[in-house]
Amino acid sequence: MAEKEIKSIDPATLEMIAKATEEGITTVFDRAEKMKPCPIGADGSCCRNCAMGPCRVPLAKGKEETAEEKKKRRGICGATGETIAARNFIRMVAGGAAAHSDHGRGVAELFIAAAKGEAPGYLIRDEQKLLALALEWGVKIGDRSNNEIAVDIGEKALAEFGRQEGELLFLKRAPLKRQELWRKLGVAPRGIDREIVEIMHRTHMGVDQDYQNLLQQGVRASIADGWGGSMIATDLQDILFGTPAPVLSKVNLGVLKEDEVNIIIHGHEPLLSEMIVAAAQSPEMIELAKSKGAKGINLAGICCTANEILMRHGVPLAGNFLQQELAIVTGAVEAMVVDVQCIMESLPDIAQCYHTKIITTSPKAKMKGAVHIEFDEHDALRSAKEVVRTAIENFPKRGKNIHIPQEQHDLIAGFSHETINYLLGGLFRASYRPLNDNIINGRIRGVAGVVGCNSVRVTHDDIHVTMIKELIKNDVLVIQTGCSAMAAAKAGLMVPEAAAKYAGEGLAEVCETVGIPPVLHMGSCVDNSRILIAATAMVKDGGLGDDISDLPVAGAAPEWMSEKAISIGQYFVASGVYTVFGVTWPTTGSKEVTDYLFKDMEEMYGGMWAFEPDPIKAAHLMIEHIDKKRKALGIDKARERVLYDMEMRRELV
Ligand code: BF8
Ligand code: SF4
32 MAEKEIKSID PATLEMIAKA TEEGITTVFD RAEKMKPCPI GADGSCCRNC AMGPCRVPLA
92 KGKEETAEEK KKRRGICGAT GETIAARNFI RMVAGGAAAH SDHGRGVAEL FIAAAKGEAP
152 GYLIRDEQKL LALALEWGVK IGDRSNNEIA VDIGEKALAE FGRQEGELLF LKRAPLKRQE
212 LWRKLGVAPR GIDREIVEIM HRTHMGVDQD YQNLLQQGVR ASIADGWGGS MIATDLQDIL
272 FGTPAPVLSK VNLGVLKEDE VNIIIHGHEP LLSEMIVAAA QSPEMIELAK SKGAKGINLA
332 GICCTANEIL MRHGVPLAGN FLQQELAIVT GAVEAMVVDV QCIMESLPDI AQCYHTKIIT
392 TSPKAKMKGA VHIEFDEHDA LRSAKEVVRT AIENFPKRGK NIHIPQEQHD LIAGFSHETI
452 NYLLGGLFRA SYRPLNDNII NGRIRGVAGV VGCNSVRVTH DDIHVTMIKE LIKNDVLVIQ
512 TGCSAMAAAK AGLMVPEAAA KYAGEGLAEV CETVGIPPVL HMGSCVDNSR ILIAATAMVK
572 DGGLGDDISD LPVAGAAPEW MSEKAISIGQ YFVASGVYTV FGVTWPTTGS KEVTDYLFKD
632 MEEMYGGMWA FEPDPIKAAH LMIEHIDKKR KALGIDKARE RVLYDMEMRR ELV
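Going by this note's numbering, the first residue of the sequence shown is number 32, and it counts up by one from there.
Here it is as structure tokens:
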């Protein structure tokens with residue numbers, strides 16, 4: 032890992048880090064300086080799966096290991112460096128897949144309750160998507176009501192988690208060739224929970240001792256995430272809350288308002304936040320806010336909850352993962368409402384220095400020092416109003432040390448798979464045809480999914496933004512989710528004007544004609560499933576091969592840090608996508624394990640992992656892969672012929 036020179040490229044972040052330092056507040060940026068990563072653990076060479084250890088089996092650096100040394104490099108139970116690295120790696124997959132899938136389960140439960148009329152306030156908002164899913168899953172439509180159909184769909188979705196045999200229903204969405212490959216390699220997941228539990232079993236002391244066999248189970252559980260838990264979360268959320276359509280909003284800490292009650296929604300599940308949006312708009316709450324001296328109620332989001340309510344309601348984004356503490360440091364946040372995942376335990380401590388209330392809402396995620404207002408889905412509006420009221424009542428308690436950075440940018444979000452389809456093909460001939468055509472004729476070189484976290488181990492946002500700029504400059508259309516999307520939005524890349532400013536000539540022309548930015552925001556991290564669907568739609572539209580692995584596409588998580596990112600990366604690889612990670616790589620302690628992931632998987636899945644912390648080099652690895660795929664498809668010459676005469680301009684899109 033290279034030493035970073037500055038903490039962030041984002042002026043608002045730097046401004047708030049300075050304010051925190053001045054006020055004697057410790058943040059993640061300070062803690063990272065004191066706590067260096069353990070080099071043995073970082074390489075995947077530390078096992079603490081039983082109480083005879085922890086056992087450390089580091090690979091000696093800078094020299095080739097002899098067979099004799101390798102034989103001796105074992106844990107107390109005899110576990111080899113390979114087994115230990117593979118076990119650690121797939122336990123990360125299990126953690127990530129569990130997080131996404133438990134989110135999906137929660138959505139399915141609420142979905143059923145809503146359809147049964149047991150969760151007042153929630154309605155089926157996207158009837159078309161409900162009926163499409165009913166057809167896909169063989170749920171009877173006839174003259175049944177939407178709610179009757181939805182009960183059956185919700186129950187089928189919920190059963191996917193506990194399914195014991197057969198395979199997940201959504202696998203059938205993948206290109207046929209991919210499905211057959213998964214079956215042939217024995218990685219078609221049976222049930223979502225089952226694959227995750229099996230990882231925990233197989234990595235227990237003394238069970239699976241074949242690193243290839245272990246890694247294959249990691250693949251199976253990751254597919255259960257991307258084509259299972261995450262896809263269920265996205266689909267059912269769309270039906271329940273509406274499928275996103277393009278929406279204009281703003282991003283960065285400058286969206287906080289000095290004269291309004293600021294409520295930040297942080298975490299991942301949109302179940303409660305959807306209701307908070309409704310509660311904050313209610314006349315009763317606005318009146319109450321005014322009675323306390325505020326001009327209104329201002330909602331803003333952090334992390335993936337932010338992406339969810341941005342995509343569907345245009346609620347502005349306050350910032351990404353590394354900005355959560357800094358939002359409180361503004362002194363202007365009345366309440367930060369959290370649910371699950373990516374929430375720093377330091378928040379209540381920092382909040383103590385201001386008036387901010389940290390409100391936990393999930394029985395799964397409580398925090399010492401926070402107020403707990405449990406989200407009751409059967410009476411959600413009441414829970415939401417209680418949260419909003421708590422924030423409003425806190426407004427008069429603001430201190431004097433308020434400073435909101437001015438920094439904010441416009442962005443357009445809401446690019447669901449359906450939206451891209453309509454935008455490109457029109458409502459009556461919705462298709463990916465124009466995208467495929469523009470890839471085939473070379474105006475668009477390929478498509479890259481740039482996703483994932485922030486890591487404090489690298490300069491905040493820098494790796495994302497540098498990589499994305501390099502990709503679009505080279506005519507690669509970028510699609511995004513998660514904290515990475517917010518980094519690009521803050522850098523002004525998610526507005527249509529960014530095409531002329533940053534994109535290569537071919538990509539810029541297409542973006543200008545369609546009226547889209549060169550970087551498309553597709554949602555939260557569970558919405559990476561939208562990218563799988565988009566890739567499959569490209570395959571099905573024809574002309575670009577017959578599997579995802581034939582497409583000129585690549586993926587990256589350049590500032591990753593979470594276990595969820597590893598699960599996502601693994602299901603992209605298993606789906607046939609070349610996937611580059613930055614920052615650090617968690618299996619460098621075993622050459623065999625790393626080679627298996629970086630080389631053997633390409634032979635097996637057509638997609639593979641790669642590691643490159645330098646964002647420009649990583650972008651070029653992706654471009655090289657895209658060019659390799661273009662060549663295999665026989666469309667590599669097209670780019671050379673792109674001259675943009677008037678006739679070509681006219682026929683564009
Ligand atoms: O699920 S990108 S830091 S917020 S893990 Fe977390 Fe990573 Fe952000 Fe969203 Ni995803
Ligand atoms: Fe050590 Fe084996 Fe126990 Fe791991 S499982 S801690 S390698 S003895």
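Backbone N, C-alpha and C fix where the C-beta goes; we use that ideal spot for every residue, glycine too. Small disclaimer: the values here were computed from a predicted structure and weren't measured.
| Asked | Found |
| --- | --- |
| Just to confirm, does Ile390 get its C-beta within under 7 Å of one of the non-hydrogen atoms of ligand 2? | no |
| If we ignore side chains and look at the alpha-carbon of each, how far apart do Ser606 and Gly638 end up? | 7 Å |
| Determine the extent of the alpha helix (DSSP H) in which Ala602 is found, giving its start and end residues. | According to the sequence as given, residue 602 is Tyr; it is not Ala. 594–605 is the span of the alpha helix (DSSP H), which, as asked, contains Tyr602. |
| Below 7 Å CB to CB, which residues in the same chain sit around Gln195 once its five sequence neighbours on both sides are set aside? | Arg221, Gly222, Arg225 |
| Ends of the beta strand (DSSP E) at Gly388? | Per the sequence shown, the amino acid found at residue 388 is Lys instead of Gly. Element bounds for Lys388: 388–391. |
| For Glu594, collect the residues of the same chain with a Cβ closer than 6 Å to its Cβ; drop the 5 residues on either side in sequence, then sort them by chain order. | Met123, Gly126, Gly127 |
| Which runs of the alpha helix (DSSP H), 4 residues or longer, sit entirely within the segment 426–467? | 448–456 |
| Which residues does DSSP list as the beta-bridge partners of Ala479? | Val509, Ala585 |
| If Gly152 and Ala422 are in contact, beta carbons under 8 Å, what's the gap, nearest whole angstrom? | Going by Cβ atoms, the distance from Gly152 to Ala422 rounds to 19 Å, so no, they are not a contact pair. |
| Would you say Ile106 touches ligand 2, meaning its beta carbon is less than 7 Å from a heavy atom? | The question names Ile, but residue 106 is Gly in the sequence shown. Correct: Gly106 has its Cβ closer than 7 Å to ligand 2. |
| Quick check: the segment 610–630 against the segment 68–77, are there 3 or more CB pairs under 8 Å? | yes |
| Just list the residues that DSSP pairs Trp640 with in beta bridges. | Thr610 |
| With hydrogens ignored, establish whether the beta-carbon of Pro85 is closer than 7 Å to any heavy atom of ligand 2. | yes |
| Please list the segments of the alpha helix (DSSP H) lying wholly inside the segment 281–318, counting only runs of 4 or more residues, in order along the chain. | 301–312 |
| Please give me, in chain order, every unbroken run of the alpha helix (DSSP H) with length at least 4 that falls completely inside the segment 206–250. | 207–216, 223–233 |
| Using CA coordinates, which residue listed in Val138, Lys388, Val608, Gly249 is at the minimum distance from Ile184? | Val138 |
| Nearest by alpha-carbon distance to Gly613: which of Glu633, Glu634, Pro644, Phe629 is it? | Pro644 |
| Which class does Leu538 belong to by DSSP, given the choice of helix, strand or coil? | helix |
| Looking at Thr450 and Pro277, is the spacing between their C-beta atoms short of 8 Å? | yes |
| Say the cut is 7 Å; is the CB of Met236 nearer than that to a heavy atom of ligand 2? | yes |
| Just how far apart, CA to CA, sit Ala568 and Ile390? | 41 Å |
| Ligand 2 and Asn119: does any heavy atom of the ligand fall closer than 7 Å to the residue's C-beta? | no |
| Just to confirm my understanding: we take Leu330, look at its own chain, exclude 5 residues before and 5 after, and list those with CB closer than 6 Å. What are they? | Ile294, Ala311, Val346 |
| When the distance is taken between beta carbons, is Val369 closer than 8 Å to Gly260? | no |
| Use the C-beta contact count for Ala415: other C-beta atoms within 10 angstroms, 16 or more gives buried, fewer gives exposed. | buried |
| Could you tell me if Asp41 is buried or exposed, where buried requires 16 or more neighbouring beta carbons within 10 angstroms of its beta carbon? | buried |
| With burial defined as no fewer than 16 other Cβ atoms inside 10 Å of the residue's Cβ, what is the status of Gln248: buried or exposed? | buried |
| Nearest-angstrom Cα distance between Glu417 and Ile597? | 36 Å |
| So is the beta-carbon of Arg251 under 7 Å away from any non-hydrogen atom of ligand 2? | no |
| Does DSSP put Arg87 in a helix, a strand or coil? | strand |
| Excluding the five sequence neighbours on either side, which residues of its own chain have a C-beta within less than 6 Å of the C-beta of Ile471, listed in chain order? | Gly574, Ile666 |
| Quick one: what's Ile328 bridged to in DSSP? | Val292 |
| What does a CB cutoff of less than 6 Å around Val364 pick up in its chain, not counting 5 residues either side in sequence? | Asn293, Ile295, Ala358, Thr387 |
| In terms of residue numbering, what span does the alpha helix (DSSP H) encompassing Ala366 cover? | Ala366 -> not in any alpha helix (DSSP H); beta strand (DSSP E) instead, spanning 366–369. |
| Is Trp616 helix, strand or coil when you go by DSSP? | coil |
| Verify the contact flag: Ile333, CB atom, against every heavy atom of ligand 2, threshold strictly below 7 Å. | no |
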